[in-house]
Amino acid sequence: MPSSVTGDAARAARLCRTADGTLTEGLLHTAAEGPSAVRLPDGAAEFALDGVPEDIAAALAPRADRFAAAALAEPGRPLGDLDLTDESEWKLLEAWSGEDTAPAGEPAHRMFADWARRQPDAIALSAPGTTLTYRELLEYAGGIARELTARGIGPEDAVGLLFERGPEAVAATVAVALAGATAVPLDPNYPAERLRLMLEGPGVTLTLTDGEGPEPPLGAALSVRGITPVADPLPAPAPDVATVMYTSGSTGRPKGVRLTHRGIARLTRDACIDFGPGDTVLHLAPATFDAALLEVWCTLARGARLEIAPPGPQTLTELADLIAGRGVTALWLTAGLFHQLAEHRPDAFAGVRKLFTGGDVVSPHHVAAVLTRHPALTVVNGYGPTENTTFTCCGPLSEPPPPGAATVPIGTPVHGTRVYVVDPGGHPVPPGVPGELWAAGEGLAAGYLGRPDLTARAFPVPGTGRLRGVRCYRTGDLARFRPDGALEFLGREDGQVKINGHRVEPGEIEQAVLAQPGVRGACVLVESDPLGGKRLAAYIEGDGQGLAKAVRAGLRAVLPGYLVPARYIVIDSLPLTANGKTDRNRLRAGESEPR
Amino acid sequence: MSTSVRETTARIWSEVLGTAIDEESDFFLLGGHSLLATQMVARLEAALGVKVTMREVLEYPEFGEFADLVAERADTDRTTA
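Residue numbers (our numbering), protein chains in the order written: chain R, 1 to 595; chain P, 1001 to 1081.
Structure follows, in structure tokens:
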């Protein structure tokens, strides 16, 4: 110390030296100064790299020189537009980014129909009291599809699916695909108001039901009970959009993500998702959750058996008995549930060969525990936002992570998928540097339903740089490549959180709290629960003993269960910052406990 | 005997919710969510051998009525065992 570089290189380096002074933070920050606000000065000056560790300063200087040279070559160009990678780095990044040149193969429901011809008597699905062979499921679904067609449902018409988990729900899902229509999975436990929003967006006029649950709040209902099967049905031409899945939106309205047949089909071709005849795959995810696409389609498109868990939440004992008792060999568990099962009933995985988990940060400790106990098991950390169809990356682990490992890598891109780690200007960052994870390839959603503005923002097609012309999805997740090319998840860029695998926008919940009678102000925070998980806490400005209970009841009438806060704190007034905003730090510090 | 079943149930609620429990305490107002409910049921089963379904947790969110159910089931289990 002090290392120093001169002139414009030093200017760039100085911009880099922010936050805690590290190289990586610095380079990210450099680009963050863009896109157009910061220009290199024409005067040469000298800046000492004080406060920057020696090794980082040494690594920074040449990059800063290159950066400055590039900036000087085109002085009018925004700094945020400058590339930080050299050719050899880019080659490496390209190799790590995966393959998106997958041939556009058959959609999953056609693959299922092929299996039904190859192994008609193999069991396609089973549930307590029910078993359907591949032939039976195809013919049942074909019968439902014929009814849909008879009612005027054609390609890309949206059809609601309002079922508790069960064989009818799966048959109806297959039927909608056979009819060439777009599936809109719903949850009968959702409030009617929420269901109405979900039906309204895609213009659903007909909803399939089992005739027992609630009626759809919009459009007609058709029960799939007692429908006559059709022998050897022919799938209709498969249009683009297969299904609409909803995620929490910060504006108070859920966002409908239009997912494609290609996006689903690419999952069925992934080497890591290797279900096949002889496998029994658990169906536990709610149909409204994109993990259900993995469970249902990767099973039926690969000739395996789908074991359907009974409706409703299961206790750990019920779940362990189901996995062991029904011979489940592969399954998906949301991270929180995986951790609990690994702790209380690790014996449940004795017959399992592949366990997918994710939806939130996976704990290396629990992965190590189950892998040590069951050496034949592979645990896969499955990462991906709904907008890139269930999985973007998979990180398989068949050996326990080394003791002291802080994270489980999210691995490498799935089939037909590319991933990039980029700076705020959308340019790939050098290997090992943290940045935002962008995805590209076959899995990308067609966009958000009725929201071209959101779609354009979330699915950019860069006009310049390394990713020029590549349609991407900005995940909003921070990640970096490890030296072996596997990706490491580093957290979120914004305030968005995941609770129990569900994306949660506290803003959406705050709006719903504010709409409740007697509420003067509201703030919804994510906090740790006593067992190390995450939960939502609603701070409510208002009076009265019964307010907490009334607000919760009111929220349950408009929000799906995963968006309803767990803890309610009624206070006289929300603490404010000097700027008049709710002081979240003081709320967190517990300065406003209930009276 | 049923007093100790009640005390054990209260202790488990208190552990998973991280707060003191009285008869009117509502599991889903004091911070309980589905994974904590799963955990509570698992601990209850381990400590008392009493099985409670997730649906019952939703049906009896107040401690008083939930503890009655557990106590009743603990008694039944003993007489049928």
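Don't be surprised by glycine CBs; every beta carbon is placed ideally from N, CA and C. On a predicted model such as this, the values are computed, not experimentally measured, just so you know.
Among the residues of chain P, those whose CB is under 9 Å from the CB of residue 531 (chain R) are 1015, 1016, 1018, 1035, 1036 and 1039, following chain order. By the criterion of a C-beta distance shorter than 6 Å, residue 509 (chain R) is surrounded in its chain by 524 and 563, once the five residues flanking it on both sides are discounted. Taking 8 Å as the cut-off, the beta carbon of residue 207 (chain R) is found closer than this to the beta carbon of residue 159 (chain R). For a Cβ distance threshold of 9 Å, residue set 1031, 1032, 1033, 1035 and 1036 of chain P lies close to residue 535 (chain R), ordered along the chain. Pairing residue 483 (chain R) with residue 404 (chain R), the inter-Cα distance amounts to about 18 Å. For residue 1053 (chain P), the closest Cβ of chain R is nearer than 8 Å. By a beta-carbon distance limit of 8 Å, residue 496 (chain R) contacts residue 505 (chain R). Their separation comes to about 6 Å.
Membership of residue 540 (chain R) in the beta strand (DSSP E) is indicated by the continuous run 534–541.
Just measuring C-alpha positions, the residue of P:1023, P:1012 and P:1030 sitting nearest residue 552 (chain R) is P:1030.
A Cβ-Cβ separation of about 18 Å leaves residue 150 (chain R) out of contact with residue 161 (chain R) under the 8 Å criterion. For residue 500 (chain R), the neighbours in chain P by C-beta distance under 7 Å run, in chain order, 1034 and 1035. Residues of chain P with a Cβ closer than 7 Å to the Cβ of residue 344 (chain R) are, in chain order, 1042.
Classified as exposed, residue 1024 (chain P) has fewer than 16 neighbouring CB atoms from the shown chains inside 10 Å of its CB. Taking 8 Å as the cut-off, the Cβ atoms of residue 426 (chain R) and residue 408 (chain R) do not count as close.
Between residue 385 (chain R) and residue 464 (chain R), the C-beta gap is not smaller than 8 Å, which leaves the two residues out of contact.
Listed as beta-bridge partners of residue 438 (chain R) by DSSP are R:420 and R:474. The beta carbon of residue 428 (chain R) sits no closer than 8 Å to any beta carbon of chain P. By the neighbour-count criterion, in which a residue is buried when 16 or more other Cβ atoms sit within 10 angstroms of its Cβ, residue 573 (chain R) is exposed.
Between residue 170 (chain R) and residue 281 (chain R), the gap from beta carbon to beta carbon reaches 8 Å or more. For residue 568 (chain R), the chain P residues whose Cβ falls inside 7 Å of its Cβ are 1029, in order along the chain. Residue pairing of residue 1023 (chain P) in beta bridges, as defined by DSSP: absent, with no partner found.
Using a Cβ-Cβ cut-off of 8 Å, residue 584 (chain R) is close to nothing in chain P; its nearest Cβ partner there is about 18 Å away. Residue R:327 holds the alpha-carbon nearest to the alpha-carbon of residue 279 (chain R) among R:327, R:262, R:268 and R:85. Scanning the stretch 205–269 of chain R from its first residue to its last, the whole beta strand (DSSP E) runs of 3-plus residues come out as 206–209, 220–223, 241–247 and 255–260. At a Cβ-Cβ threshold of 8 Å, residue 143 (chain R) and residue 202 (chain R) do not count as neighbours. In terms of Cα proximity to residue 226 (chain R), the closest of R:211, R:216 and R:232 is R:211. Apart from the 5 residues on each side of it in sequence, residue 379 (chain R) sits with its Cβ closer than 7 Å to the Cβ of 355, 357, 367, 370, 371 and 397 in its chain, given in chain order. Of R:416, R:197, R:83 and R:200, the smallest CA-CA separation from residue 262 (chain R) is found for R:416.
Residues of chain P whose Cβ lies closer than 7 Å to the Cβ of residue 548 (chain R) are, in chain order, 1029.
Residue environment for residue 440 (chain R): buried (at least 16 other C-beta atoms within 10 angstroms of its C-beta). By alpha-carbon distance to residue 119 (chain R), the top candidate from R:125, R:110 and R:134 is R:134. The C-alpha of residue 433 (chain R) is placed about 47 Å away from the C-alpha of residue 167 (chain R).
Within the stretch 455–471 of chain R, no residue has its Cβ closer than 8 Å to any Cβ of chain P.
A distance below 6 Å between beta-carbons, with the five flanking residues on each side excluded, links residue 236 (chain R) to the following residues of its chain, in chain order: 179 and 180. The beta-carbon distance between residue 513 (chain R) and residue 555 (chain R), rounded to whole angstroms, is 7 Å. This is short enough to meet the 8 Å contact definition. By the Cβ neighbour-count rule, residue 363 (chain R) is buried, with 16 or more other Cβ atoms within 10 Å of its own.
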